[in-house]
Amino acid sequence: MRIATWNVNSIRTRVDRTVEFLQRESVDVLLMQEIKCKPEQFPRQPFEDAGYELAVHGLNQWNGVAIASLSPIEDVETSFPGMPGFLKGSDGPDLPLEARALGATIDGVRLWSLYVPNGRGLDDPHYAYKLDWYAALERYVREWQAAHPGEPIALGGDFNVCPTDADNGDPSMVEGVSTHLSPAERAAFQALVDAGMADVVRPLVPEGYTYWDYKQLRFPRNEGLRIDFVLGSPAFQDLVAGAAIHRDERKGVQPSDHVPVVVDLDLPVDEDDDDRPMFL
DNA sequence: ATGTCGTGAAAGTCACGA
Numbered sequence: 005m006r007i008a009t010w011n012v013n014s015i016r017t018r019v020d021r022t023v024e025f026l027q028r029e030s031v032d033v034l035l036m037q038e039i040k041c042k043p044e045q046f047p048r049q050p051f052e053d054a055g056y057e058l059a060v061h062g063l064n065q066w067n068g069v070a071i072a073s074l075s076p077i078e079d080v081e082t083s084f085p086g087m088p089g090f091l092k093g094s095d096g097p098d099l100p101l102e103a104r105a106l107g108a109t110i111d112g113v114r115l116w117s118l119y120v121p122n123g124r125g126l127d128d129p130h131y132a133y134k135l136d137w138y139a140a141l142e143r144y145v146r147e148w149q150a151a152h153p154g155e156p157i158a159l160g161g162d163f164n165v166c167p168t169d170a171d172n173g174d175p176s177m178v179e180g181v182s183t184h185l186s187p188a189e190r191a192a193f194q195a196l197v198d199a200g201m202a203d204v205v206r207p208l209v210p211e212g213y214t215y216w217d218y219k220q221l222r223f224p225r226n227e228g229l230r231i232d233f234v235l236g237s238p239a240f241q242d243l244v245a246g247a248a249i250h251r252d253e254r255k256g257v258q259p260s261d262h263v264p265v266v267v268d269l270d271l272p273v274d275e276d277d278d279d280r281p282m283f284l
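Throughout the first sequence, residue numbering follows this note's numbering, covering 5 to 284 in sequence.
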């Protein structure tokens with residue numbers, strides 16, 4: 005099974021090149037972020053014509069996540085338990101949830117398409133929201149793994165953090181000033197790793213960015229960021245057979261500012277039932 | 001010059017988010 009995660013930056017603008025990529029690369033499951041539309045606005049037909057099922061979660065023109073899959077999509081959740089909300093100018097619990105998480109089980113693998121809050125600025129309320137969001141996500145993955153020992157789960161998406169200095173090639177990003185680089189953000193990301201969710205791409209693709217700003221010739225200069233990841237539990241890690249970052253998707257007509265990150269899984273198959281993964 | 005994008009609302013440009 006081939007899984008990809010991709011911040012598409014508006015699916016309505018990029019549906020053709022998105023589906024072309026899926027077909028060209030034989031992607032079985034695509035985790036999308038920043039679809040920037042409501043479900044009724046999502047361009048379903050090109051995906052369905054290509055054989056994909058869809059799960060879509062969008063509330064307005066902001067954020068929005070979706071999953072396209074050749075295999076059936078089961079047990080869909082539009083937020084993870086404990087996920088915090090956000091409302092500009094408001095504080096406290098029980099704020100409205102944004103469309104930043106979509107969970108589903110596909111071929112026995114629990115998958116999440118995640119769009120972590122950007123943070124906007126170190127003094128911005130959105131930054132505290134980002135850290136809260138990470139902390140809640142860590143609690144969720146710990147609880148899920150405790151409740152489902154030995155089952156594979158992965159988090160794919162735009163994590164809006166450069167975990168290491170090498171992940172920041174954009175000179176406008178300054179330590180101590182910019183988000184994505186702060187010790188607190190890096191600790192929040194590392195806490196997911198410490199909860200068992202390893203970056204399964206890094207060992208196979210040690211170099212390369214996944215995002216280049218549209219401004220300032222960032223792509224031609226290769227001044228990008230590595231902020232899109234697939235993090236997997238130990239059972240998921242055991243399935244990983246390959247990975248790739250598709251840098252060329254930043255080229256051409258109307259590219260997203262992010263590129264797809266792909267992970268190949270070797271799913272063991274029960275000989276008595278080809279549709280049932282062995283680990284279930 | 002935040003110099004590029006994408007969206008929606010009001011509008012034939014602006015505000016917002018990234």
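Every residue, glycine too, gets a C-beta built ideally from N, C-alpha and C.
Taking the beta strand (DSSP E) that residue i falls in, what are its first and last residues?
i	result
residue 136	Premise fails: residue 136 lies in the alpha helix (DSSP H), 129-151, not in any beta strand (DSSP E).
residue 37	33-37
residue 103	That residue, residue 103, is in no beta strand (DSSP E); it is neither H nor E in DSSP.
residue 11	6-11
Just list the residues that DSSP pairs residue i with in beta bridges.
i	result
residue 168	In DSSP, residue 168 forms no bridge with anything.
residue 60	70
residue 114	109 and 157
residue 77	The partner list for residue 77 (beta bridge, DSSP) is empty, contrary to what the question assumes.
residue 162	119 and 232
residue 98	Note: residue 98 sits in no beta bridge, so no partner.
residue 203	235
Please go through the same chain and pick out, in chain order, the residues whose beta-carbon is closer than 8 Å to the beta-carbon of residue i, but skip the five residues on each side of it.
i	result
residue 234	7, 9, 158, 159, 160, 203, 204, 205, 247, 265 and 267
residue 130	90, 121, 122, 123 and 124
residue 145	157, 159, 196, 199, 200, 201 and 237
residue 177	166, 184, 185 and 229
residue 175	227
residue 327	Past the boundaries of the shown model lies residue 327; the chain is included only from 5 to 284, so the question cannot be answered.
Locate the alpha helix (DSSP H) running through residue i, then write down its first and last residues.
i	result
residue 191	187-198
residue 53	48-53
residue 20	15-28
Pull up the CB-CB distance for residue i and residue j, whole angstroms please, since I reckon it's below 8 Å.
i	j	result
residue 212	residue 251	6 Å
residue 57	residue 76	6 Å
residue 84	residue 141	6 Å
residue 189	residue 119	Their Cβ separation, rounded to whole angstroms, is 15 Å, which puts residue 189 and residue 119 out of contact at 8 Å.
residue 115	residue 108	6 Å
residue 11	residue 232	6 Å
residue 46	residue 70	7 Å
residue 239	residue 180	With a Cβ gap of about 39 Å, residue 239 and residue 180 do not count as contacting.
residue 139	residue 192	7 Å
residue 22	residue 258	About 11 Å; that fails the 8 Å criterion.
residue 5	residue 271	5 Å
Tell me which residues share the same chain as residue i and place their Cβ nearer than 7 Å to its Cβ, disregarding the 5 neighbours each side in the sequence.
i	result
residue 43	60 and 62
residue 133	88, 90 and 121
residue 261	13, 215, 216, 217 and 218
residue 74	32, 55 and 56
residue 136	88
residue 27	54
residue 222	174, 216 and 228
residue 103	61, 62, 63, 67, 68 and 69
residue 243	156, 269, 270 and 271
Say yes only if the C-beta of residue i is nearer than 7 Å to one or more non-hydrogen atoms of the ligand NAP, and no if none qualify.
i	result
residue 197	The model on display carries no ligand, and the ligand NAP is accordingly not part of it.
Among the residues of its own chain, which have a CB less than 6 Å from the CB of residue i, if the five just before and after it don't count?
i	result
residue 19	47 and 50
residue 273	none
residue 40	14, 65 and 68
residue 80	59 and 108
residue 78	109
Problem - Complete beta strand (DSSP E) runs within the segment 205-276 (minimum length 3 residues, chain order) - result: Counting whole runs of 3 or more residues, the segment 205-276 contains the beta strand (DSSP E) stretches 232-236, 244-249 and 265-269.
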